[in-house]
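Heads up, the thing below is written out as structure tokens.
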Amino acid sequence: MTDFALTTFSSKGKLLQIEYALNAVAKGDTAIGIKAKNGVVLVVEKKQSSILIEESSVQKIALLTDNIAATYAGLGPDFRVLSQQARKLVKKYDLKYQEEIFVQTLSRELAEDVQIATQRGGIRPFGVSILIAGYDEEGPHLVQLDPSGAYYSWKATAIGKQAKNAKAFLEKRYNADMEIEDAINTALLTLKEGFEGQITPTNIEVGVIRDDHVYRILPPSQVKDYLEELE
Amino acid sequence: MSGIFEYNGGSIVGMKGKNCIAMACDRRFGQQMSTITTNYQKVFKIQDNILLALSGLNTDIHTFYALMEKEINLYNLKENRKMKPTTFANLVASALYERRFGPFFVTPIVAGLENGKPILATYDSIGCKSDLDDFQVGGTGGNYIYGACEAFFKPDMSPEELEEVIGQSLVSGCDRDALSGWGGVVYVLTEQKLTVKILKTKQT
């Protein structure tokens, strides 16, 4: 731990460390989120660098609580740390109020931790953008949390390698009347658009939350059905 | 010092009715045998639909109330919404337990209306919440009030009946307890309004 901050302003008023963190995010595997009227879907690329890797051990969508999950683009270990911190925040809230935390509240509190990493002495910013998807009393939510600590609510968005193309694709395809099933199809279609190679049920991860407030990661067999429907 | 909870004296009672709740408290602020003032507030409106009654050591009544006010104000600002009565009831329990080894010498009662449904919870001084009963008492005159409550209470009373019953129960209890009394205040909360009535007890 040092006394001085590593992230300091450049003469142009930029925080270069955060820009570089965003570069790390832009190199990461694409993740897409779409909010429908009655649910939210998260779809993320899970390309393995070698066929020797045990695919089932890699989990890119983390459950934060029964009705909120998150995925990322960028540095895997940073996401692991943040998702664990998020789980602790959920439990802390639960212990105090014995009530289900709102997605906005969780996002705001997690964003606090992310921002601290851009100002405290001796530590670097987190190298991930996180997509938080949840369904609470207020309805479905999709929130993006950036390395700077800024967070935005989205109707549909993408982060990572294919973010720009995917968002352009989503802008055309998204409509506010979408139901969750349409959203899942659209998300898969969007991911497929910029996918390098063949998209299979095991090299992507799909998570869905519907109005029953329960987050589910779809098993490969279900993902296979959705992919076949796209043909 | 016969007990830290008996030092200032005072009694509170809370009751559930049909889509309404009532809270009542005495008005005495004493120091053992002396009476210092006869208009001490022990029931507080935390939110439009939540009442908090506190009995026990008066300094802790005041401090704990201020702490709960702070919590709910920050919550309203941060979360941009009102707090539900059941959430507040849980918050009180957490806040009390946080001081497990240096507790607030208070026994709170929380009453509220959540979507029209009456909520009533009581606690010991270290946060054991109990929300199972339709009426609860606290303070030095508590046991005397219990007797009157058991006799007069019936479920699903209207706001007017509730006001009458809780008022009578408080007065009976305070008239017997030496450390409670010097007037009573009854609060009745419905979806539409909160009524406050001042009662006379035996002037001793």
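Going down the list, the sequences are from chains Y and P.
According to my numbering, the first sequence holds residues 28 to 258 in order.
According to my numbering, the second sequence holds residues -11 to 192 in order.
Note that CB positions come from ideal geometry on N, CA and C, so glycine has one too.
These figures come from a predicted structure and were not determined experimentally.
- DSSP places Ser156/Y within a strand segment (E or B) once states are collapsed to three.
- When the five nearest sequence neighbours on each side are left out, the beta carbons in the same chain lying within less than 6 angstroms of the beta carbon of Asp140/Y are those of Gln112, in order along the chain.
- Around Ser82/P, the beta-carbon contacts reaching into chain Y at under 9 angstroms are Leu122, Lys123, Tyr124, Gln125.
- Taking all protein chains in view, the Cβ of Ala96/Y is crowded by 16 or more other Cβ atoms within 10 Å, so the residue is classified as buried.
- Counting the other Cβ atoms within 10 Å of the Cβ of Gly127/P gives 16 or more, which makes it buried.
- Within 9 angstroms of the CB of Thr132/Y, the CB atoms of chain P belong to Lys66, Glu67, in sequence order along the chain.
- Segment contact: the segment 126 to 142 of chain P against the segment 0 to 17 of chain P, three or more CB-CB distances shorter than 8 angstroms; contact assigned.
- Taking C-alpha positions only, Lys30/P is separated from Val52/Y by approximately 56 angstroms.
- The shortest CA-to-CA distance from Asp14/P to any of Gln156/P, Gly90/P, Cys116/P is the one to Gln156/P.
- Secondary structure at Tyr(-5)/P: coil, using DSSP grouped into helix, strand and coil.
- The three-state reading of DSSP puts Thr184/Y in strand, counting E and B together.
- Ranked by Cα distance from Gln146/Y, the first of Ile45/Y, Val235/Y, Asp252/Y, Glu255/Y is Ile45/Y.
- Within the segment 21 to 49 of chain P, no residue has its Cβ closer than 9 angstroms to any Cβ of chain Y.
- When 7 angstroms is used as the limit between beta carbons, Thr75/P is near these residues of chain Y: Tyr124, Glu126, in chain order.
- Leu116/Y places its beta carbon less than 9 angstroms from that of Leu137/Y.
- DSSP places Pro96/P in the strand class (E or B) of the three-state scheme.
- Inter-segment contact for the segment 205 to 220 of chain Y and the segment 49 to 65 of chain Y is present: three or more beta-carbon pairs are separated by less than 8 angstroms.
- Listed in chain order, the alpha helix (DSSP H) elements of length 4 or more contained wholly in the segment 93 to 141 of chain P are 130 to 140.
- Sorting Val174/P, Ser146/P, Pro96/P by C-alpha distance to the C-alpha of Lys188/P places Val174/P at the top.
- Counting only residues of its own chain and dropping the five nearest sequence neighbours on each side, Asn78/P has a CB closer than 8 angstroms to the CB of Lys117.
- Under the 9 angstroms criterion on CB atoms, Lys72/P is classed as interfacial with respect to chain Y.
- In the three-state reduction of the DSSP assignment, Thr217/Y falls in the helix class.
- Residue contact check for Leu108/P against chain Y: no CB pair falls below 9 angstroms.
- Following the DSSP letters along the chain, one finds Tyr242/Y in no alpha helix (DSSP H) but inside the beta strand (DSSP E) bounded by residues 242 to 244.
- One Cα belongs to Gln171/Y, the other to Ala48/Y, and the distance between them is close to 15 angstroms.
- Burial state of Arg16/P is buried, judged by a 10 Å Cβ sphere holding 16 or more other Cβ atoms.
- Look at Pro167/Y here: in three-state DSSP terms it is strand.
- Contact with chain P is found for Arg135/Y, since one of that chain's Cβ atoms lies less than 9 angstroms from the residue's Cβ.
- For the segment 103 to 128 of chain P, there are no residues whose beta carbon sits under 9 angstroms from a beta carbon of chain Y.
- The CB of Leu79/P comes closer than 7 angstroms to the CB of Lys123, Tyr124 in chain Y, given here in chain order.
- A direct Cα-Cα distance of roughly 38 angstroms separates Val98/P from Gly176/Y.
- Taking C-alpha positions only, Asn65/Y is separated from Val241/Y by approximately 12 angstroms.
- For Leu116/Y, the uninterrupted alpha helix (DSSP H) segment begins and ends at 103 to 124.
- With 16 or more other Cβ atoms from the protein chains shown falling within 10 Å of its own Cβ, Gly101/Y counts as buried.
- Within chain P, not a single residue places a beta-carbon under 8 angstroms from that of Phe196/Y; the smallest gap is close to 33 angstroms.
- Per DSSP, the continuous beta strand (DSSP E) segment holding Leu177/P begins and ends at 172 to 178.
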